[in-house]
Amino acid sequence: MFKIIPIFAATVATLGGCSNPATGNGGGSVNADGNGSATFGDGNTLPDGAVIDAAATDTVHVDATDAAPTDFTTGFNCEVEGITVCFNAKVIKSCINGEWQFAETCAEGMECTEGKCGTPTTCTAGQTDGCAGANYVKVCADTGKAWLTKKCPGKQLCVQGACKETVCTPTIGTCLDQQNIQVCKDDGSGYDLPAACKPGNICFGGKCVSLCESNLKISNNVGCEYWAADLDSCHDTFSAALNKDKLTPDFIAHSIVVSNPGGFDAEITINIAASCGAALCEQVTTCGGKFTECKNPSGVYALKLTDYIVKAGQSKEFKMPVMNVDGSGIFRKAIQIKSTQPIVAFQFNPFDAEGAFSNDASLLLPVNTLGKTYFAVVLSSRPDINIGLKMPSQSGYVTVVAAKEGETTVLVTPTDKVLAAPKYGVPQDGTTPAALEPGKTYTFKLKQFDVLNLEHLAELNFKGPTDLTGTKIVADKPVAVFCGHEEAVIGNEGASQTAPVDPNDPNAKGSCCAEHIEEQMIPLEAWGTEALCVKTKSRGGELDLWYVVAGEDNVQLTTTPKTELDGKILAKEGKHLILHTDQSFMLKATGKVQVVQFIVSRGQTASFIGDPTMMVIPPKQQYREEYLIQTADGYGTNWVSVIRPKGLVIELDAVALQDAAFATFGDNTWELGYFEVKKGTHIFKSKTGGSFGLMAYGYGNATAYGYPGGMNLK
Numbered sequence: 002m003f004k005i006i007p008i009f010a011a012t013v014a015t016l017g018g019c020s021n022p023a024t025g026n027g028g029g030s031v032n033a034d035g036n037g038s039a040t041f042g043d044g045n046t047l048p049d050g051a052v053i054d055a056a057a058t059d060t061v062h063v064d065a066t067d068a069a070p071t072d073f074t075t076g077f078n079c080e081v082e083g084i085t086v087c088f089n090a091k092v093i094k095s096c097i098n099g100e101w102q103f104a105e106t107c108a109e110g111m112e113c114t115e116g117k118c119g120t121p122t123t124c125t126a127g128q129t130d131g132c133a134g135a136n137y138v139k140v141c142a143d144t145g146k147a148w149l150t151k152k153c154p155g156k157q158l159c160v161q162g163a164c165k166e167t168v169c170t171p172t173i174g175t176c177l178d179q180q181n182i183q184v185c186k187d188d189g190s191g192y193d194l195p196a197a198c199k200p201g202n203i204c205f206g207g208k209c210v211s212l213c214e215s216n217l218k219i220s221n222n223v224g225c226e227y228w229a230a231d232l233d234s235c236h237d238t239f240s241a242a243l244n245k246d247k248l249t250p251d252f253i254a255h256s257i258v259v260s261n262p263g264g265f266d267a268e269i270t271i272n273i274a275a276s277c278g279a280a281l282c283e284q285v286t287t288c289g290g291k292f293t294e295c296k297n298p299s300g301v302y303a304l305k306l307t308d309y310i311v312k313a314g315q316s317k318e319f320k321m322p323v324m325n326v327d328g329s330g331i332f333r334k335a336i337q338i339k340s341t342q343p344i345v346a347f348q349f350n351p352f353d354a355e356g357a358f359s360n361d362a363s364l365l366l367p368v369n370t371l372g373k374t375y376f377a378v379v380l381s382s383r384p385d386i387n388i389g390l391k392m393p394s395q396s397g398y399v400t401v402v403a404a405k406e407g408e409t410t411v412l413v414t415p416t417d418k419v420l421a422a423p424k425y426g427v428p429q430d431g432t433t434p435a436a437l438e439p440g441k442t443y444t445f446k447l448k449q450f451d452v453l454n455l456e457h458l459a460e461l462n463f464k465g466p467t468d469l470t471g472t473k474i475v476a477d478k479p480v481a482v483f484c485g486h487e488e489a490v491i492g493n494e495g496a497s498q499t500a501p502v503d504p505n506d507p508n509a510k511g512s513c514c515a516e517h518i519e520e521q522m523i524p525l526e527a528w529g530t531e532a533l534c535v536k537t538k539s540r541g542g543e544l545d546l547w548y549v550v551a552g553e554d555n556v557q558l559t560t561t562p563k564t565e566l567d568g569k570i571l572a573k574e575g576k577h578l579i580l581h582t583d584q585s586f587m588l589k590a591t592g593k594v595q596v597v598q599f600i601v602s603r604g605q606t607a608s609f610i611g612d613p614t615m616m617v618i619p620p621k622q623q624y625r626e627e628y629l630i631q632t633a634d635g636y637g638t639n640w641v642s643v644i645r646p647k648g649l650v651i652e653l654d655a656v657a658l659q660d661a662a663f664a665t666f667g668d669n670t671w672e673l674g675y676f677e678v679k680k681g682t683h684i685f686k687s688k689t690g691g692s693f694g695l696m697a698y699g700y701g702n703a704t705a706y707g708y709p710g711g712m713n714l715k
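Just so we're aligned, residue 2 is where the sequence shown starts under my numbering, counting upward by one.
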């Protein structure tokens, strides 16, 4: 009588059994009482010549003539969770939590075969019944009562139900190049004639796939699915008086701009989950001369795009319905952008500077690059002003977008008070506080298309400004995170909590003016340890504001040339340092850091143009060889800062940039150049394939926009 003890090897996932030493069957042995460990010579044979492979079959069969071994008991270790085995002709056991557990006794007239109860098997000993994997064949046991899995000898594969020598693996393809594929014949004797993938597809991993499928394996800002939100803008009546539509910034439609860098036309779909009222207005356009507002939760549906094709090499603006996320809460206001071809996507809030005096832009990141851990960067807030000049509060915010199907759990630990809104799910624990407290972790359950907005509590603070920088966001699924400010005023010494001197006086300077700012944040996984921090094109005597946030504990900073950051240590993750400077510099850190750049209000400049904008700085490690950028409409000047290794040839729209336009900075191995570009879409590319950095921004009258030109997110 054989005692069969299944053993799973971690490295090969093969299950074998031991034989009765007296008979000499099999290549292994077990001690006399059956309680020791089993050993096998070739690891392949069981009684009746059975060969068991857990990975191939997920079942083990013990011949029905064998009695139940007393030592095959609950508690014996197993490795393949959920696998079922025939303990004997009647009893099934399953691998649960690493141990064999009783699962089932077969009913009268039924027997266990291949880990399941069924009608007793009858077959001819040695008969084959097809393949059980690439190199396994199903063979009838000597008893004629069970099908067993047997490994093909040597390097043979199971082909058409028998073990054979082959040239290649049947039906598996091989890429000859990006456009052509060869597929192995069904019998493995060789390859079929080469075939071209259909237009719009490439050969990737031995298959012809769409460019979007292949792009999922690449982590950069080029992608086929993006998530966005109409981020919080201030209800600013002063700006309303100045724009042509007399609308406050929170009620001006923002735009998604799609650029198609590929060789095939892209079909765009934009999905939302908020009702817009009349069906006529459920489209990306204006309705009856007024902007459409979408605010009530609904099922997910596609907006009616008047023209959903973005031709190869072109860009298109999709003006969105108004879906402003205002105040703290959970809102069904996420925007999903999908494309049939890889694209670059931007969000402009709004796109046309002439239609508003409060603008910014975000480079959107594809869904396959989103992460689970983020740290916020947010400027300080200002409460309502009701003395003389009446002005609404201006607050910073952190916005989390649930991009994955099902429920996403998000943990948020704010660094300062967050405006509570229990009615709208902030917090979700049933309490009704006035504010979420700093240092406490709050849990939020989000569904796909939910937007969690956390607005900084705007209150007077005589100890100095506070903000939500360093707030930690951790999710159990990838999420998109945005940070920004309804309307920030930034001076040469930082974010101001004071009102503009007089926004109606074109000659007023001081702290004027306030501007909506926003940016999609980089997940912690893609942070780096080096950043090249480049001053924006000067508007006349102003400083730029820099935030440096630690992604881990005890991070020491070094800057070249030396700045006030040099030698400083960020003791804990989420801690940050601030720098005001008119210099460009190189920053190195002993651990992961995130760098964010802000530019100041126009009142701080000699030219009295522009206004605040926010730009995340890609780590040097995430630089690319090619960038596609899109300028906004209505700006006096559009600029690009190009950061290149010394001497690297960069082309702008296929024309090489002149070396004379660059100057060295940092450790003198890098060069910086400022280039004014015309309105529209532009491609910057390294001629020889080297990586470089790029920032895009523009200045208008009391407005500005800015974003990183692109990045890898490895």
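Think of the CB as a built atom: it goes at the ideal place given N, C-alpha and C, for glycine as much as any other residue. Just so we're clear, the structure is a prediction, and the values are computed from it rather than from any experiment.
Burial state of residue 336 is buried, judged by a 10 Å Cβ sphere holding 16 or more other Cβ atoms. In the DSSP assignment, residue 261 falls outside any alpha helix (DSSP H), carrying neither H nor E. For residue 100 and residue 107, the gap between their C-alpha atoms comes out near 21 Å. The stretch 419-436 and the stretch 319-329 touch, with no fewer than 3 CB-CB distances between them shorter than 8 Å. Under the three-state reduction of DSSP output, residue 216 falls in the helix class. When only Cα atoms are considered, residue 662 and residue 414 end up about 45 Å apart. Boundaries of the beta strand (DSSP E) around residue 271: 267-276.
With respect to the 8 Å criterion, residue 227 and residue 365 are classified as neighbours on the basis of their beta carbons.
Looking at the backbone, the Cα of residue 632 and that of residue 475 are separated by about 33 Å.
Beta-carbon to beta-carbon, residue 543 and residue 606 are separated by about 5 Å, close enough to satisfy the 8 Å threshold. For a cut-off of 8 Å, the C-beta gap from residue 469 to residue 457 is around 5 Å, short enough to register as a contact. By the Cβ rule, the stretch 574-581 does not count as touching the stretch 614-623, because fewer than three pairs are nearer than 8 Å.
If you look at residue 396, you'll find it isn't in any beta strand (DSSP E); DSSP assigns it neither H nor E. For the pair residue 563 and residue 667, the Cα-to-Cα distance works out to about 9 Å.
Pairing residue 188 with residue 160 gives a Cβ-Cβ distance under 8 Å. Every beta strand (DSSP E) stretch that sits fully inside the stretch 593-678 and reaches 3 residues is listed by chain position as 614-618, 627-631, 638-646, 651-653, 663-666 and 671-678. Closest in alpha carbon position to residue 79, among 256, 98 and 378, is 98. Residue 595 sits buried, since 16 or more C-beta atoms from the chains shown fall within 10 Å of its C-beta. Judged by DSSP secondary structure, residue 343 falls within the beta strand (DSSP E) whose first and last residues are 336-349. Within the stretch 183-216, the complete alpha helix (DSSP H) segments of 4 residues or longer fall at 212-216, listed in chain order.
Under a 10 Å Cβ-count criterion, residue 659 is classified as exposed, with fewer than 16 other Cβ atoms of the shown protein chains found around its own Cβ.
For residue 163, the enclosing beta strand (DSSP E) begins and ends at 163-165. Of the other Cβ atoms in all chains shown, fewer than 16 fall within 10 Å of the Cβ of residue 608; this residue is therefore exposed. Residue 128 counts as exposed, since fewer than 16 other beta carbons sit within 10 angstroms of its beta carbon. The beta carbons of residue 614 and residue 548 sit no closer together than 8 Å. Counting C-beta atoms within 10 angstroms of its own C-beta, residue 379 has 16 or more neighbours from the protein chains shown and is therefore classed as buried. If you compare the alpha carbons of 669, 434, 611 and 135 with that of residue 706, the shortest gap goes to 611. With fewer than three CB-CB distances shorter than 8 Å, the stretch 209-220 does not count as touching the stretch 300-314.
Under the 10 Å beta carbon count, residue 301 is surrounded by fewer than 16 other beta carbons and is classified as exposed. In the structure shown, residue 170 falls within a coil segment according to DSSP collapsed to helix, strand and coil. Non-local beta-carbon contacts of residue 451 in its own chain, meaning distances under 6 Å to residues more than five positions away in sequence, involve 331 and 403 in chain order. In this structure, the straight-line span from the alpha carbon of residue 120 to that of residue 148 is close to 13 Å.
With fewer than 16 other Cβ atoms inside 10 Å of its own Cβ, residue 568 counts as exposed. Counted as a single uninterrupted DSSP element, the beta strand (DSSP E) harbouring residue 302 occupies residues 297-303.
The DSSP-derived three-state label of residue 526 is helix. Per DSSP, residue 117 is one residue of the beta strand (DSSP E) stretching across 117-119.
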